Amino acid sequence: MTADERPVSEQSANHPPPGTISRESSRRTFLAIAAAGLALALVPIWIGGSRTLMGVAITGLLFASYAIAFNLIFGSTNQLFLAVGALAGVGAYTSAIISDRLGVPFPLTMVLASGLSMFIGGAFSWIAVRRSLGIIFTGIITLTFSLAFDNLLLGQRGLTGGETGIVVDAGSDTFLRNQIPPYYVFLILVLIYLIGYVLLHRSHIGWAFRALRDDEIAAELTGINVARYRIYAGAIGGGMLGFAGALWAHVEGFISPATFTFVHVDVPALVMLVFGGIGTVLGPVVGAAVFTYLGEVLASYSQLRLIADGILLIVLFLAFPQGVIRALGLRLNQLRASRKAAP
Amino acid sequence: MTAVILDGIVLGLQFGLLGVGLTVVYGIGGVLNLAYGQLAVVAAIVMSITMRSGLATGPAVLAGISAAVAIALLLNFTILKPVYKRDDEDRVLLSLLLTIGVAFIIDGFLVWRYPIEALSLNIDWDPVSILGVRMRAGSLLASAITLLAGGALIFFFRTTTTGKAARSVIQDEVGARLCGVNPAAVRTLIFALSGVLAGLFATTQAMTSPVPISAGFDFTITALLVTVVGGLGSIRGAFLAGLILGVVNAMSSFYIGSYVTTIILLAAAALTIVVRPSGLFGAKA
Chain X
-4 MTADERPVSE QSANHPPPGT ISRESSRRTF LAIAAAGLAL ALVPIWIGGS RTLMGVAITG
56 LLFASYAIAF NLIFGSTNQL FLAVGALAGV GAYTSAIISD RLGVPFPLTM VLASGLSMFI
116 GGAFSWIAVR RSLGIIFTGI ITLTFSLAFD NLLLGQRGLT GGETGIVVDA GSDTFLRNQI
176 PPYYVFLILV LIYLIGYVLL HRSHIGWAFR ALRDDEIAAE LTGINVARYR IYAGAIGGGM
236 LGFAGALWAH VEGFISPATF TFVHVDVPAL VMLVFGGIGT VLGPVVGAAV FTYLGEVLAS
296 YSQLRLIADG ILLIVLFLAF PQGVIRALGL RLNQLRASRK AAP
Chain W
4 MTAVILDGIV LGLQFGLLGV GLTVVYGIGG VLNLAYGQLA VVAAIVMSIT MRSGLATGPA
64 VLAGISAAVA IALLLNFTIL KPVYKRDDED RVLLSLLLTI GVAFIIDGFL VWRYPIEALS
124 LNIDWDPVSI LGVRMRAGSL LASAITLLAG GALIFFFRTT TTGKAARSVI QDEVGARLCG
184 VNPAAVRTLI FALSGVLAGL FATTQAMTSP VPISAGFDFT ITALLVTVVG GLGSIRGAFL
244 AGLILGVVNA MSSFYIGSYV TTIILLAAAA LTIVVRPSGL FGAKA
């Protein structure tokens, strides 16, 4: 999953390697984001009549925002955060509890909550960098946080309602509880995350990300402060996760530990990201869309769902270790190349 | 107090056994098998089903352990093949992702076919007094089996040629190959061994508390924590870490409460990683 694993044909010639965003290609990237946004904006015309289906679509966008944040942390800087659900849960519970208990307006608590997630995300990165933990140890330490957070939610019944969860009142008298508007709110969030992702990767931070992901030691030697950029990625990604989680709490009006567990959030987010393509801009959104749709199609076979997920996971990782977008892009490039060579 | 500590030791020995199965596979194959807990659960469920259909306990335990070994070998020969073509962190990462998929499939199958199956082995011998504490016979038998298995493991890795070859692969795969050791053969052997350990763990667990079909993920996490605290690839470390975590577990769940216990265990593991990334006995970070 590092750059040098990619086939040479993909990296060569007129097409910049994936993940690189040159000025010319960034115009194309923004067009692609706009096209994706437009396509997603039309979804309510299709299913807007059904409250259940709109709920599914909103969850899909929630997972798209999780996957974008995860892409920033894992895809851009090689930090395996297995605490996607926990960081989102920190945001959701913090915002819900502060706004409902203390009567603070919820837009403010959402910002506070994402600040907390940002701090925790940054702290993970700081620890990982300080103790030079590899991918696996970073994964294990964040996984222990996920599990501890889950236990904390279950244990602190007075505050979190334990296993049954809590009803979130803040936001209940706004348009966030209507059928269609929250969809657009989440769509805007996803688009902001995508544009933020691209802008970040166009800036000097993006250059540093690419350098340290491709070769950490070389990056350090060229004067890039690897620690600082890792912490940037962890903190920004953590904040994005916390904000998405908090928004979800106020839209859904109910949160429980099950909404943020490792199995229900981290694993799907990882699958969506890898399916779409780690390090690609639209990969997370494509992955989230495909898996949300598949999940809805397979919903009637709920008993076999876990088995299907497992098989899918294995097949995906064996067949497309670089993601579907890249696999398809690669085919196109090869076609073009062979056509040029033919005459 | 003594009773709590003894309970912790009984539990800790089993944790150690569970951890060893994960750690040897990691040490030798460079593979983190996240479906490891599911192997133990499959063994337990096979034992439970065969016993219900009239098989005696002994043969049923053998059948359960064979099932775990069969799945471990199947993994080694099928989906992990492409994993071995990669190196270092890529290898660990891909193995981790693929075995999560395997864990899902096994869990999904068990939930689908045997939703309420659970294994408990009741040892109805008289309780025995140790240090003035009456210990249940089940706990003692479980500890005895675990100690025997641990002793056998140490004997195997210290004195037999195959065991030494296996340790040489842990230390340096390329070097071992240059000395005529075949890493693939050693890997097969070690995967089978991890299946045996998972099956043994299921057996000893079932003597003290029932093993439900949902326990797989918890077992894997416990094994992972034991492994990380003990040092990846270290057998001694796994047993010591198992003992420490077992006693901590028993003490805090007795004096403080069960959910805080889990958090304390997790915090202990996280702290070990931060303070000493290579674990108590780990050779490499």
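Heads up: the sequence lines are chains X and W, in that order. For the first sequence, the working numbering assigns the number -4 to the initial residue and increments by one for each residue that follows. For the second sequence, the working numbering assigns the number 4 to the initial residue and increments by one for each residue that follows. Ideal Cβ positions, reconstructed from N, Cα and C, are used throughout, including at glycine. Remember, predicted model here, so these are calculated numbers, not experimental data.
- One thing to note: Ala140 (chain W) has its Cβ within 8 Å of the Cβ of Ile126 (chain W).
- Neighbours of Asn146 (chain X) in chain W, taken as residues whose beta carbon is under 7 Å from its own, are Tyr262, Thr265, Ile266 in chain order.
- Counting only the Cα atoms, Ala214 (chain X) lies some 43 Å from Asp110 (chain W).
- Only exposed fits Ile259 (chain W), as fewer than 16 other CB atoms lie within 10 angstroms of its CB.
- Contact check for Leu311 (chain X) and Val269 (chain X): beta-carbon distance about 7 Å, within the 8 Å limit, so the pair qualifies.
- Rounded to the nearest whole angstrom, the C-alpha separation of Ile82 (chain W) and Leu101 (chain W) is 7 Å.
- Within the segment 243 to 256 of chain W, contact with chain X at the beta-carbon level (separation under 7 Å) is assigned to no residue.
- The beta carbon of Asn252 (chain W) is closer than 7 Å to those of Gly11, Leu14, Thr264, Leu268 in its chain, skipping five residues each way along the sequence.
- Taking the Cα positions, Gln151 (chain X) is about 6 Å away from Gly157 (chain X).
- For Glu176 (chain W), the nearest beta carbon of chain X is not closer than 8 Å to its own beta carbon.
- The beta carbons of Phe18 (chain W) and Gly245 (chain W) sit about 4 Å from each other, so the pair counts as a contact at 8 Å.
- For Ile8 (chain W), the enclosing alpha helix (DSSP H) covers residues 5 to 32.
- Residue-level contact by beta carbon holds for Phe112 (chain W) and chain X, with a gap shorter than 8 Å.
- Cβ atoms of Phe257 (chain X) and Leu138 (chain X) come within 8 Å of each other, at about 7 Å.
- Taking a contact as a CB-CB distance under 8 Å, the pair Leu20 (chain W) and Leu200 (chain W) counts as one, their CB atoms being some 6 Å apart.
- Cα atoms of Ala222 (chain X) and Asn73 (chain X): separation of roughly 12 Å, rounded to the nearest angstrom.
- Contact between Ala264 (chain X) and Tyr61 (chain X) holds: CB atoms are separated by about 5 Å, below the 8 Å threshold.
- Under DSSP, the beta-bridge partners assigned to Pro215 (chain W) are W:Ala121.
- Only those residues of the segment 114 to 136 of chain X whose C-beta falls short of 8 Å from the nearest C-beta of chain W are listed: Ile122, Arg126, Ser127, Leu128, Gly129, Ile130, Ile131, Phe132, Gly134, Ile135, Ile136.
- Listed along chain W is no residue with a C-beta nearer than 9 Å to that of Ile212 (chain X); the closest approach is about 14 Å.
- For the segment 293 to 322 of chain X, the residues whose beta carbon sits under 8 Å from a beta carbon of chain W are, in order, Gln298, Leu299, Arg300, Leu301, Ile302, Ala303, Asp304, Gly305, Ile306, Leu307, Leu308, Ile309, Phe312, Leu313, Pro316.
- A distance below 7 Å between beta-carbons, with the five flanking residues on each side excluded, links Leu128 (chain X) to the following residues of its chain, in chain order: Ile136.
- According to the DSSP assignment, Val136 (chain W) belongs to the beta strand (DSSP E) that extends over 136 to 138.
- Per DSSP, the unbroken beta strand (DSSP E) holding Ser132 (chain W) starts and ends at 131 to 133.
- Under the 8 Å Cβ criterion, the segment 113 to 121 of chain X counts as touching the segment 217 to 233 of chain X, having at least three qualifying pairs.
- Taken in chain order, the complete alpha helix (DSSP H) segments of 4 or more residues contained in the segment 209 to 247 of chain X are 211 to 216, 221 to 247.
- Proximity of the segment 101 to 110 of chain X to the segment 238 to 247 of chain X meets the contact definition, three or more beta-carbon pairs being nearer than 8 Å.
- Within the same chain, Val13, Thr211 come within 6 Å of Ser142 (chain W) by CB-CB distance, once the 5 residues on both sides are set aside.
- For a Cβ distance threshold of 9 Å, residue set Ile103, Phe107 of chain W lies close to Val262 (chain X), ordered along the chain.
- Restricting attention to X:Ala203, X:Gly272, X:Leu111, X:Ile130, the CA atom closest to the CA of Gly84 (chain X) is found in X:Leu111.
- Identification of residues in the segment 148 to 175 of chain X having a C-beta nearer than 8 Å to some C-beta of chain W yields Leu149, Gly150, given in sequence order.
- In the DSSP assignment, Ile161 (chain X) forms a beta bridge with X:Ile250.
- For Ile42 (chain X), the enclosing alpha helix (DSSP H) stretches over residues 38 to 42.
- Here the C-alpha atom of Ala270 (chain W) lies approximately 15 Å from the C-alpha atom of Ser256 (chain W).
- Between Ala64 (chain X) and chain W, the shortest Cβ-Cβ separation is not below 8 Å.
- By the 16-neighbour rule on beta-carbons within 10 angstroms, Ala29 (chain X) is exposed.
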